[in-house]
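Student: My questions will all concern the structure given below.
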Amino acid sequence: MLQTSDNKIHVANNLMDVDQDPRKRLYFADGRRKVDYVLVYHYRKRSSVRGSPSQHRLSIISNGSYPLGVEEKEPEGGKDEPAEVVVDVGPPDPADGEKIIIREEFEGNLKDAGLEIERDKENKGHGHAFIRLHAPWQVLSREAEFLKIKVPTKKSYELREEKGLAATMNEVWRKLNQPFQPKVPHQEQEHSRTKFLSHCFSRDKLHLYNIKSKDTFFDNATRSRIVYEILRRTACTRTCQTMGITTLIANGVYDSAFPLHDGDFHPTGQAEGRNDRQLLHDEWARYGAFYKYQPVDLIRKYFGEKIGLYFAWLGVYTQLLIPASVVGIIVFFYGWATVETNIPSQEMCDEDQNFTMCPLCDRACDYWHLSTACGTARASHLFDNPATVFFAIFMSLWAAMFLEHWKRRQISLNYSWDLTGMEEEEEHPRPKYETILLQKRQRKKKNKKNKNEPERGVDESGELGKDKWRQRLLSAMAAGNPTGHEKLTWRDRLPGYLINISSILFMFGVTCSAVFSVIIYRITISALMAMSPDPEVKSNVRVTVTATAVIINLVVILILDEIYGMVAAWLTELEIPKTETNFEERLILKAFLLKFMNAYAPIFYVAFFKGRFAGHPGHYVYVFNDYRMEECAPGGCLIELCIQLSIIMLGKQLIQNNIFEIGIPKLKKLCRTLKDKERAPKEIVEQPGRRQQWHMDYDLEPFDGLTPEYMEMIIQFGFVSLFVASFPLAPLFALLNNVIEIRLDAKKFVTELRRPDAIRAKDIGIWYNILSGLGKFSVIINAFVISFTSDFIPRLVYQYMYSETGTMHGFINHTLSYFNVSNFKPGTVPSVSGLGKDITFCRYKDYREPPWSTEPYQFSKQYWSVLAARLGFVILFQNLVITMSMLVAWVIPDVPKNISEQLKKEKTLLVDVFLNEEKEKLQLIQSLFSRDLTQEQKEELQMSDQTSLPLQQTQPRPVPPAVSPTSTAPRTRPRAASFSQFTRQMSMSPRSDITQHTAV
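Numbering-wise (UniProt numbering), the sequence shown opens with residue 1 and increments by one.
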């Protein structure tokens, strides 16, 4: 039973009947009006000591139907309500009364905008109250016209059928893909050859649209988006200077606002009666559906275009990782197959070569044979082989093809989702911007008032003090009507900019300090393990130190990632962006910059800095005057770079992207549940089976945006593209992660998050620019990795310049320099040597002159030859790959040919539709006009019969149009305009085969 208060807001029971249809949970208590949006706030009402008929009135009071303090007044005369003694449940809070008045005004403005409102009875002393909003057809049609929402019309056309080999190939491909398609109803109709024209909704052209039912013409996502637009622009100017629901939520007037899910996601057992949420759960959000394509159209229909584009982009990225993974596996197996025939590896493993190497540390470390590093050399060849160069070039072209393919896919989705020609919607200012702008206006008014007003006496100031609240109210109301040109300038944001720059530099310093701390850890642990008397510990020094250091790096990266995310949000707030789009773009740039530095700083160190500043025997570089800078392994730094990249990449994906995404939302939900129980432990008596849909949705985690989801994939894209020359298996691990990530995100959106607002978007925004920048940056990074980190260039230089036989025989000896052990500094010679005392020379990896040279230990000619070749390779590689990438981008058109043809055809057909509509209007006006003339002629004949005028019977007098009572100005004007428009363009469009329309 509905009860209505004085302000006509319905109050309904907040519990559903046990036998109620679950679909009725989405409707008002009358079962007819659909709940399009829900507002939630926390209330604390005042209760009476005895029951009375006015108990329901108290619940209305707490919802803002009456001003604060109305319950303390005496009953008005003429009312039979018994007196009550009112007691406070808790301590009085003046802010609660202010929120009640604000809610009263806001909900009144929503009613003025045409929305219908229903709220719950407040049965408890305090708790959460739910306000349901419904948009009737008049509001939906009005807002759809304002928002220029495109809807399908009755006019349709047939797509051109392909013939020949292309049709056969498409049919074969369709049959092969059939098992991988999700079983979504009406999907075949969406992909049929018949297409319906779409046009912006207009209330004057309802006859053009196929409106079977006004209740279902707009889907739930569109209805909620319309209501959300009303909520965003509805202002409270009488009680506070705020604009929109976001400001009210930020100020604590409402707890939250969200659209409802389409019922429960658990299957009902009937395949045909499943709602969209159940379809998404069964065909998309299950791990068992990992092999199926995503139902992108259904995702867009349920969550909106912005989320639909994210999952479409993630699907395209995952699909294109398949060929990259295949090529990476081939490169890896090529290295594995040729490791036995690799001459440098054979020379390093050959014990007959007997290369005696210089000690790895001072005093504690002994001389060692190069053959003991045989395993490292063989493992390095798996990733450091000629195929690696080909794979680096391939991945650079792959990145360009991925971006081009996504642009084509994005334009296809824009066409199928009716987003072509979409205009940018005007955004309302953010709550923080409004607050600071209001404070600025008030300061300017106060300063202006102080300058203009003369000094007053004590009496005048006393009168002003008595009326200070009135003055504040008037000034605040005046500030609520801002001038059009007033806004925040760079001077207002200057403190925020300065804090941003200094904070970002400080965060960079923190990241570098973390990397340096790990370096110190590696150096000290290596020295301590080298002093151990246990030979097994000494033999595993490098493996142990590398593995533990990478794990420490991973933990530090995960911790700093969370800190940097919060710091980026705080810094963006200091900049005071005006709109949510500006806020999101600035937040993304800061978060990406900080997280990119955090994730890749250890990898950059290993790739380009490790071992390059260690010095050489007799002249090492020391840290804190005691510890030598670390050097690369005998096989080079590429194998260590591979280990670093693989552990950090896999660790981030496994821990941060999966465990955090599953565990943190569940922990947040548990904390909120415990918090609600602590707030009212004795008053939660509702049973889960009897709760309404808005109660269940409120228990879900709120949607925080797509920035974390995109950020995970962008960082992963960097791992795949930037250092792929050192780890060809990176695309494979990224592919395996993304297959799980898609279903994990899908499950989170369908089952664990509140339904997000359906936001329209034509593209993925700033993320595309970041991807494009990473793709270009990857060309430079891979060029330097191949030329400076790997031994590819030194091998080529030796084979074609210094090898006597033109082969790789002697390459290891060529890369090792000589050092006279007598030139060691005092205190650095090994204290105990197990190789004997007859060692005169030891070898180390570098291109330096021997001790017997005129310039001992200086860079040799081979060093400069290799350096020149490395720099030349960088220039050649960059120009070659960038040119090929530009060629790929030029060859692949951004707009598919069939899409451009269909857009032109639809534009022509729409012109024909409107021309024929004008023609029908013209014919209708002419028929009405001729009917009026015929009626007047009959009246003239009757008059002539009465007056016996035979001349008038045979020759009726023509009546001018101005005499006709039905020939008014509004009818004459459209007739003339329509006729002129039709005669201008009738020759351009001779076709008249148009469907019949309802008469105007």
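Positions of the beta carbon are idealized from the N, C-alpha and C atoms, including for glycine. None of the values given here were measured: they were computed from a predicted structure.
Helix, strand or coil: which one does DSSP assign to Val555?
Tutor: helix
Student: Determine the contact status of Ile131 and Ile149, defining contact as a CB-CB distance below 9 Å.
Tutor: no
Student: Please confirm whether Ala387 and Val331 have their CB atoms less than 9 Å apart.
Tutor: The Cβ atoms of Ala387 and Val331 sit closer than 9 Å to each other.
Student: Taking just the CA atoms, how far does Lys845 sit from Arg363?
Tutor: 20 Å
Student: Quick check on the DSSP output: the beta strand (DSSP E) that includes Leu816 runs from which residue to which?
Tutor: Leu816 to Asn820
Student: Is it buried or exposed, Leu437, if we count other Cβ atoms within 10 angstroms and call 16 or more buried?
Tutor: Counting Cβ neighbours within 10 Å, Leu437 comes out buried, since at least 16 surround it.
Student: For Thr546, does the count of other Cβ atoms within 10 angstroms reach 16, so buried, or fall short, so exposed?
Tutor: buried
Student: Between which residues of its own chain and Val518 is the CB-CB distance below 8 Å, once the five residues before and five after are set aside?
Tutor: Cβ within range, chain order: Ala549, Ile552, Asn553, Val556 and Pro602.
Student: How would you write the range of the beta strand (DSSP E) that Pro152 sits in, first residue to last?
Tutor: Lys150 to Glu158
Student: Would you call the region 35 to 42 and the region 250 to 258 touching, i.e. three or more CB-CB distances under 8 Å?
Tutor: yes
Student: Give me, in chain order, the residues of the same chain whose beta-carbon lies closer than 7 Å to that of Ser646; leave out the 5 immediate sequence neighbours on both sides.
Tutor: Phe727
Student: If you count every other CB in all the chains shown that lies within 10 Å of the CB of Ala758, and 16 or more means buried, which is it?
Tutor: buried
Student: Jot down the residue ranges of each uninterrupted alpha helix (DSSP H) in the region 508 to 545, minimum 4 residues, whole runs only, in chain order.
Tutor: 535 to 539
Student: Between the region 741 to 749 and the region 656 to 676, are three or more C-beta pairs nearer than 8 Å?
Tutor: yes
Student: From the DSSP secondary-structure annotation, give me the bridge partner or partners of residue 1001.
Tutor: Only positions 1 to 1000 of the chain appear in this structure, which leaves residue 1001 out of reach.
Student: If I follow the unbroken beta strand (DSSP E) through Phe841, where does it start and stop?
Tutor: Here the beta strand (DSSP E) through Phe841 covers Phe841 to Lys845.
Student: From the DSSP output, read off the bridge partner residues of Tyr622.
Tutor: Arg628
Student: Applying the 10 Å Cβ sphere with the 16-neighbour rule, what's the burial state of Thr840?
Tutor: exposed
Student: For the beta strand (DSSP E) containing Lys195, name the first residue and the last one.
Tutor: Thr194 to Cys200
Student: Between Ala324 and the ligand NAP, is there a pair consisting of the residue's CB and a ligand heavy atom that are separated by less than 8 Å?
Tutor: The ligand content of the structure shown is nil, which means the ligand NAP is not present either.
Student: Let's test the definition: count the other Cβ atoms within 10 Å of the Cβ of Ala969 and tell me whether it reaches 16, buried, or not, exposed.
Tutor: Caution applies to Ala969, whose pLDDT of 40 falls short of 50 and renders its modelled position unreliable; the model cannot decide the point.
Student: What separation, rounded to the nearest whole angstrom, lies between the Cα atoms of Arg472 and Lys448?
Tutor: At Arg472 the pLDDT is 48, less than 50, meaning the model places this residue with poor confidence; the figure from the coordinates comes in the next sentence. Those two C-alpha atoms are separated by around 15 Å.
Student: Three or more C-beta pairs closer than 8 Å, one from the region 136 to 152 and one from the region 209 to 229: is that the case here?
Tutor: yes
Student: Grab me the residues of Gly308's own chain with a C-beta within less than 7 Å of its C-beta, minus the 5 sequence neighbours each way, in chain order.
Tutor: Val296, Ile299 and Arg300
Student: Below 8 Å on the Cβ atoms is my guess for Gln878 versus Val779; work out the distance and round it to an integer in Å.
Tutor: Indeed, because the Cβ distance is near 6 Å, the residues count as touching under 8 Å.
Student: Write down the C-beta distance between Ser721 and Gly775 rounded to the nearest angstrom, noting that I regard them as a contact closer than 8 Å.
Tutor: 6 Å
Student: Mark Cys637 as exposed unless 16 or more other C-beta atoms lie within 10 angstroms of its C-beta, in which case mark it buried.
Tutor: Answer is buried; the Cβ neighbour count reaches 16.
Student: Taking Pro323 as the reference, give the member of Trp398, Val913, Glu918 and Met422 with the closest Cα.
Tutor: The residue with the shortest Cα to Cα distance from Pro323 is Trp398.
Student: Are the Cβ atoms of Ile504 and Leu593 separated by less than 9 Å?
Tutor: Judged by beta-carbon spacing, Leu593 lies within the 9 Å limit of Ile504, meaning their Cβ atoms are closer than that value.
Student: How should Pro634 be labelled, buried or exposed, when 16 other C-beta atoms within 10 angstroms of its C-beta is the threshold for buried?
Tutor: buried
Student: Could you spell out where the alpha helix (DSSP H) holding Arg441 opens and where it closes?
Tutor: Pro431 to Asn452
Student: Using the Cα positions of Leu560 and Met629, report the straight-line distance between them to the nearest angstrom.
Tutor: 26 Å
Student: Which partner residues of Cys236 appear in the DSSP bridge assignment?
Tutor: Thr242
Student: Work out the CA separation of Glu305 and Ala221 for me, nearest whole Å.
Tutor: 10 Å
Student: Can you give me the start and stop residues for the beta strand (DSSP E) that Ile393 sits inside?
Tutor: Not the beta strand (DSSP E): Ile393 falls in the alpha helix (DSSP H), residues Pro386 to Ser416.
Student: Drop a sphere of 10 angstroms on the beta-carbon of Lys610, count the other beta-carbons inside from all chains shown, and report buried for 16 or more, exposed for fewer.
Tutor: buried
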